[in-house]
Amino acid sequence: VHPGHARKMAARLQEAGHARTLFFEETEGGHGGRGDRRPQAAQTAMKYVFLQRALTAKA
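Per my numbering, the sequence shown starts with residue 292, numbered consecutively.
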């Protein structure tokens, strides 16, 4: 997905009243090939934190 499409979708969801809509854009690019795995590990950790907060949040 082109970043512009994801940005527009997040904005539309927020405008429609989904205030908890979050958008993250990786600025370094790439598709997780060989090399430094730290960015991939950081993104995986961020996903787990998001899931934990989403599943334990009070409505």
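Even glycine gets a Cβ: it sits at the ideal position worked out from N, Cα and C.
Model, not experiment: these values are computed from the prediction.
Give the secondary structure of residue i by DSSP, where H, G and I count as helix, E and B as strand, and everything else as coil.
{"i": "Glu306", "result": "helix"}
{"i": "His293", "result": "coil"}
{"i": "Arg298", "result": "helix"}
In the DSSP assignment, the alpha helix (DSSP H) including residue i goes from what residue to what residue?
{"i": "Lys338", "result": "329-347"}
Excluding the 5 residues preceding and the 5 following residue i in the sequence, name in chain order all residues of the same chain whose CB lies nearer than 8 Å to its CB.
{"i": "Leu304", "result": "Thr312"}
{"i": "Glu319", "result": "Pro330"}
Do you know offhand how far residue i's Cα is from residue j's?
{"i": "Arg298", "j": "Ala310", "result": "15 Å"}
{"i": "Glu316", "j": "Val292", "result": "11 Å"}
{"i": "Ala332", "j": "Ala307", "result": "33 Å"}
{"i": "Val340", "j": "Met300", "result": "22 Å"}
{"i": "Gly302", "j": "Leu342", "result": "Looking at the sequence provided, one finds Ala at residue 302 rather than Gly. Roughly 21 Å separates the two Cα atoms."}
Using a Cβ-Cβ cutoff of less than 6 Å, which residues in the same chain neighbour residue i once the five nearest sequence positions on both sides are dropped?
{"i": "Pro294", "result": "Glu316"}
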